[in-house]
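Novice: Got a structure for you, questions after.
There are 2 protein chains.
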Amino acid sequence: MAETQWDVIVVGGGPAGYTAAIRLCQRGLRTLLIERGELGGVCLNRGCIPSKALIHCAHLWAQLKRAEQFGIHIGEAQFDWRRMRAWADRTVTTLRRGLQTLLRHHGVEVLRGEAQPEEPTVIRCVTADGGERQFSARAVLWATGSSPIMLPHAEGACVFTEEEALFWDALPDRLVIIGGGASGVELAWLFNALGVTVTLVEMLPHLLPIIDEEVAKALQVALERQGVTVRTGTKVVGIEKSPTGATVVSEEGSRWEADAVVCAVGRRPNSAPLQRLGVAIDNGGAVMVNEWQQTHLPTVFAVGDVVHGGWTAHGGMAEGERAAEAIASWLAEGRLPPMPSAFVLPFACFCEPQVLRVGLTEREAQEQGYAVKVSRFSWRACGAAVAMDETEGFVKVVADEVTGRVLGVHLLGAGVANLSGEAVAIVAQGLTAAQAAALLRQHPTLSEGIGEALWALLGLPLHSTHRATGRRA
Amino acid sequence: MAETQWDVIVVGGGPAGYTAAIRLCQRGLRTLLIERGELGGVCLNRGCIPSKALIHCAHLWAQLKRAEQFGIHIGEAQFDWRRMRAWADRTVTTLRRGLQTLLRHHGVEVLRGEAQPEEPTVIRCVTADGGERQFSARAVLWATGSSPIMLPHAEGACVFTEEEALFWDALPDRLVIIGGGASGVELAWLFNALGVTVTLVEMLPHLLPIIDEEVAKALQVALERQGVTVRTGTKVVGIEKSPTGATVVSEEGSRWEADAVVCAVGRRPNSAPLQRLGVAIDNGGAVMVNEWQQTHLPTVFAVGDVVHGGWTAHGGMAEGERAAEAIASWLAEGRLPPMPSAFVLPFACFCEPQVLRVGLTEREAQEQGYAVKVSRFSWRACGAAVAMDETEGFVKVVADEVTGRVLGVHLLGAGVANLSGEAVAIVAQGLTAAQAAALLRQHPTLSEGIGEALWALLGLPLHSTHRATGRRA
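Here the protein sequences line up with chains A and B, keeping their order.
Just so you know, we're using numbering that gives the first Met the number 0 here: the first sequence kicks off at 0 and counts up by one.
Just so you know, we're using numbering that gives the first Met the number 0 here: the second sequence kicks off at 0 and counts up by one.
Now the structure itself:
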C-alpha cells in the first residue's frame, strides 16, 4: 500500500545519487531522492570540499612562509584555525545551497529521511519529523555511500575518523594518522603545514598504494622534507589511552605519543539495507553489480561507495550517469543498453606536491603483459614550474612499446590535479605517444610537462636529456 | 670560401630556433646555431618567462590582501619591486643555464654573433669578439624573431617597449599602456596588482582581439573591477613630453598624464637579412613560407616570429619541429614530407583571471558557415573554484550542431592556462561534445568546468541550469 508511485527512487543524495537523480529527471522519469542527512554526501559535507577549502588556506599559509624570495616582506602573521574552519563551512554552505537549487530546477523531489527497503521496489521512509511513509517505484537506485572505519582502541583514547578531523575546534600539538591513502596523506600535509607534529603510519610498503610506486616514493621524500614523519610497512596493533591523548603501538614495538589520532584506514560500504533485501554482497560488504550498476535484482541498482572501494566523487558521479542511462533503458525497453566502455578513472591526492594517476602504473602494465616503455620529465626543466619555484616532482608516462599507445600518465607536482582531463583524454582515446606529443600546449604552463615526457618517450626529448627506458615484460 | 661546411645553420636561438636545432641534431644533422644575444630569445630573456615570474610574485601579493578570509592575519607587509625583479632574473638565469646544457647535450654547436646571408646557404658571421667568419651549409633556417614596435613620440617623453617595462628599476605612479594584446593586458594586470595607477588603451573594440568577444568583455569587467582603467575603441594619436613623464593623447581628445608609457602595440619581424637575400616578404615584413616553413628558396627555411604575428613560444617551437622534419626530408630525399596537419594553437593571457582560447571563437565558427551551438559554465558552480574563492569567469564551448564536433573551447578563470592540453586534445582530435563530455575528470578540479560546459551543450547540464544556445549561421 505504497503512498505514491514514482518512476525511480534514489536513496542517498551524495555525488553518485544526486547525479543519477538529475539525469533520470532529464530523461523524463519522475524521481524521488531520499537523503537522511545533508545533500551532497561525504564529499561535499565531510570530505573533498571542506578538506580542499582548508588545504587552500594552509597552502596560502605555506606560501607566505617563502614570500621573501618573491620580494614580499611580511612583518608579522598568524593563522586562526577556527577562521580557516569558517571558510570551509562557508564553502560547503555555498555549494550545498547551489545543489538544492539545482535539484529543484531539474525537478528532483527531495525527501529527508531514512530509507529501508520493504520489497525491491517498495521503500519505507522514516522522515526527519519522525513520521513514516511508504513509496513504490518502478526501480530503486541505492547510493548510500560509505562510513569511515574506526580501528579498535582503548576507551578514552583520543581517536578520530578522517571526517571528524576536519571539524576540530583546535589543532593538536602531536598527531598520529593511521593510513596513508588519499585522506591520510591530505590530512598529514594539511596539519603539518599548520605546524602540527605529524606522524603518518601506513601498513603497506608505500603511501597511496594505488599509485605508481616511483611517484609514491618521491611523494614520501617530499612529505618528509616538509617535516612529516612517515612510517610505511608499519602495522598498528594497538591504540592505548595516555595522559595527553593516546599512544599508538606498532607491531615491531614503536610507540607514538599523540594528542590526537586519526584513523584513515578506509571506509565500509553502507550496505545494511541492501543486505536485508537479499542483494548479493561481497566479503567487504560491497553491493555486487554488473557493468550497468544493476544488482542481481533487476529493478535494484547501486552506485558509488556502496558498490566498491573507489571512494571518489567523480567515479560515483560517472556511475550515477551510467545507472540513469541503464534504468531509463530498462524501464522503457526491459533491457540494458549495449556494453558500456570502461571508465578511465583519474585518482588525485591534494597534498603538495599533488599527485595524479591516470591509467596503468608501470607495474600494472608489466603485470598485464605489455612491453612497457617508460619516460619521465622533471619540473626542474619546466619554465612555468621554475617561475613559481615549484620544481619538486615529475611526469611519468607509461606506454606500450609495441603499439606506441600511452597506457598511463602519472604526475607529482604543484597543481597537477588540474591536468586530469588532459591525461584522461590521452589514455581514454587510446592515443599513441606520437599523437599525444604532437598536441600543442600553451607556454609556459604545467601542461607542457606531459608533452615533454611524451617526447622523451619517443626518443626526442626537447627540454630534457632523458630518454625512455624500455623493459620487456 | 666557407670556413666550415655544416648540414644546417640555424640563425636565432629563441624557442623556434633552438627547438629546430635540437631536432636537427636528433636526426643526425650537424647543426650550427648562431645567436647574437642571449640563448632563449625574447620568450626566455625579455618576455614570457620574466613576466611569468613577476606575475607569480604579484599574484602572491594579491592573495595576501585577501588572506583574512582564509583565516590568515597579516600585521604588516610590503613588497620590494627590485627583489621581485631579482626573482625574475634568477628564474631566467636558471632556465638559460639549463638551455645551454641542453644544447651541448644534444650536440648543437652554438656561436655568438650576428649572421648575414652571403648566398642562400652561405652565412657570414660577425662574432662577439669582432672577428668575421663564414660558413656554408646544405640548408639554412632563419629564426630571427621580432622586435617590439615603438610608436612615434615626442623626444624626452618617458616611453618604453613592452620588454623594457619588465626591467624598470622602480615602479611609476601612473602608467599608460598602449595596446590591449596579451603583453599589454599582462603588464596592466601586473602593475595594477602592485599599486600602480594603470590606464590600458586599445584601438580595437575589445581587449585581446583574437579571443572570443564574450570572454574579452568579461575580462574587461574583471580588470576594471580590480582598478585598471580600460579604454577600448580608442586610438592614440600622440605621445607628448610632460613634466612628470608623458601625456598620451587619443583621437577623440582624451589626454592621460603618466609617469611612464608602455607601447605594447605589436612586434615587427626581424626579416632584414632575408630581405637582402631576396626572399619573398609580405607587407608586414614577415617572411613568406609554405606549410613546411620553406621560403621560395628551397634550401632556406624560416620559423617563429619572423614568419608571422603569432608571437607565441609554443607556436614557434612547433614550427621549429616541423621545419627540422622538412629540412631532414629535403636533404635526404630532395623533397618535402606529405602535407602536415594543421596546428591547433592555444592562446593564453596570464593576467588574473587567466584567459585561454583553443580552436574557433563563436564568431569565427559562424563566419566559416557552421551551424553553431554554444554553451557556458560558470565557475560559481565549480567546487574547486568556490573553495579557492576564484569564481570569476566561465568556460564556453563552441560546437557544430550538425556533427556535434567541438570547434572551440574558451576559458576565463584562475589558472586556466594549464587546461590548454585538455582543450587542444578535444579540438585537435575532432571529438564530439558527447565524446569529450564522457571523459572523466578528477573532482574537485578546474578541469571539471570543461566537462560541465560540454554536458550543458548536450542539453544535459549537471552542476548548472544552463542549456546550450543554437544559432544557424
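In this text, a Cβ means the ideal position worked out from N, Cα and C, and glycines have one as well.
Compute the distance between the beta-carbons of ILE238/B and VAL158/B, then report whether it is under 7 Å.
Specialist: yes
Novice: Between the region 89–115 of chain B and chain A, which residues of the former have a C-beta closer than 7 Å to a C-beta of the latter?
Specialist: THR90, THR93, LEU94, GLY97, LEU101 and HIS104
Novice: Using a beta-carbon distance below 7 Å, is SER50/A in contact with chain B?
Specialist: no
Novice: Check the DSSP bridge columns for GLY112/B and list the partner residues they point to.
Specialist: THR126/B
Novice: Does ILE176/A have its Cβ less than 7 Å from a Cβ in chain B?
Specialist: no
Novice: Taking 6 Å as the line, does the beta carbon of LEU140/A fall inside it for any heavy atom of the ligand GTP?
Specialist: With respect to small molecules bound, the structure shown includes none, and the ligand GTP cannot be examined in it.
Novice: For a test of the three-state rule: what should DSSP assign to GLU366/B, helix, strand or coil?
Specialist: helix
Novice: For THR464/A, which residues in chain B fall below 9 Å Cβ to Cβ?
Specialist: THR100, LEU101, HIS104 and HIS105
Novice: Quick one, which of GLU324/A, PRO49/A, VAL408/A and GLY265/A has its alpha-carbon nearest LEU459/B's?
Specialist: For the residues GLU324/A, PRO49/A, VAL408/A and GLY265/A, the minimum Cα distance to LEU459/B belongs to GLU324/A.
Novice: Can you check the region 378–436 of chain A for any beta strand (DSSP E) of at least 3 residues that lies completely inside it and give the ranges in chain order?
Specialist: 393–399 and 405–412
Novice: Check whether the region 451–466 of chain A and the region 358–370 of chain A touch, using three or more Cβ-Cβ pairs below 8 Å as the test.
Specialist: no
Novice: Is DSSP giving CYS24/A helix, strand or coil here?
Specialist: helix
Novice: If you draw a straight line from the alpha carbon of GLN219/A to that of VAL229/A, how long is it in whole angstroms?
Specialist: Taking the straight line joining both Cα atoms gives about 7 Å.
Novice: Please classify GLY469/A: does DSSP put it in a helix, a strand, or coil?
Specialist: strand
Novice: Would you decide whether ALA279/A is buried or exposed? Buried here means 16 or more other CB atoms lie within 10 Å of its CB.
Specialist: Answer is exposed; the Cβ neighbour count stays below 16.
Novice: Starting from GLU351/B and walking both ways along the beta strand (DSSP E), at which residues does that stretch end?
Specialist: Run containing GLU351/B: none; DSSP gives neither H nor E here.
Novice: Skipping 5 residues on each side, what residues in its chain have a beta carbon closer than 6 Å to that of THR298/A?
Specialist: PRO119, THR120 and ALA138
Novice: Can you find the residues in the same chain that come closer than 6 Å, C-beta to C-beta, to VAL288/A, ignoring five residues on each side of it along the sequence?
Specialist: THR294, ALA301 and VAL306
Novice: ASN417/A CB to nearest chain B CB: under 7 Å?
Specialist: Yes, ASN417/A lies at the interface with chain B (some Cβ there is under 7 Å from its Cβ).
Novice: In terms of DSSP beta bridges, what is GLU256/B paired with?
Specialist: THR246/B
Novice: With distances taken from CA atoms, which of TRP291/A, LEU296/A, ARG103/A and GLY283/A is nearest LEU276/A?
Specialist: In this structure, LEU296/A is the residue among TRP291/A, LEU296/A, ARG103/A and GLY283/A with its C-alpha nearest to the C-alpha of LEU276/A.
Novice: Since I believe GLU389/B is in contact with GLY469/B (beta carbons under 8 Å), could you give me their beta-carbon distance rounded to a whole number of angstroms?
Specialist: Actually they do not touch by this definition, with Cβ atoms about 30 Å apart.
Novice: Answer yes or no: does any C-beta atom of chain B fall closer than 7 Å to that of GLN274/A?
Specialist: Interface with chain B (7 Å Cβ-Cβ cutoff): GLN274/A is excluded.
Novice: Could you have a look at HIS72/B and say whether DSSP puts it in helix, strand or coil?
Specialist: In this structure, HIS72/B counts as strand in the three-state DSSP scheme.
Novice: Give the range of the beta strand (DSSP E) segment to which LEU199/B is assigned.
Specialist: 196–200
Novice: Within the continuous alpha helix (DSSP H) that includes PRO272/A, where are the two ends?
Specialist: Bounds of the alpha helix (DSSP H) holding PRO272/A are 271–276.
Novice: What distance in whole Å lies between the Cβ atoms of LEU445/A and ALA383/A, which are believed to be in contact at a cut-off of 8 Å?
Specialist: The beta-carbon separation of ALA383/A and LEU445/A, rounded to 5 Å, stays under the 8 Å limit for a contact.
Novice: Between the alpha carbons of ASN269/B and ASP304/B, how many angstroms are there, rounded?
Specialist: Each residue's Cα considered, the two are about 8 Å apart.
Novice: Is MET0/A helix, strand or coil by DSSP?
Specialist: Annotation note: pLDDT 49 at MET0/A (below 50); position unreliable, no value reported.
Novice: Using beta carbons (cut-off 7 Å, strictly below), is LEU28/A in contact with chain B?
Specialist: no
Novice: Check whether the region 314–330 of chain A and the region 9–28 of chain A are in contact - that is, three or more C-beta pairs closer than 8 Å.
Specialist: The region 314–330 of chain A and the region 9–28 of chain A touch, with no fewer than 3 CB-CB distances between them shorter than 8 Å.
Novice: Apply the 10 Å Cβ neighbour rule to GLU447/A and answer buried if 16 or more other Cβ atoms are within range, or exposed otherwise.
Specialist: buried
Novice: Can you tell me the Cα-Cα spacing of GLY38/B and GLY40/A, whole angstroms?
Specialist: The question names Gly, but residue 38/B is Leu in the sequence shown. Computed Cα separation, rounded: 54 Å.
Novice: Below 7 Å on C-beta distance, what does ILE21/B contact in chain A?
Specialist: LEU461
Novice: Inspect the beta-carbon positions of GLU391/A and ALA221/A and report whether they are closer than 7 Å.
Specialist: yes
Novice: What do you get for GLY315/A, buried or exposed, if any count of 16 or more other CB atoms within 10 angstroms of its CB means buried?
Specialist: Under this definition GLY315/A is a buried residue.
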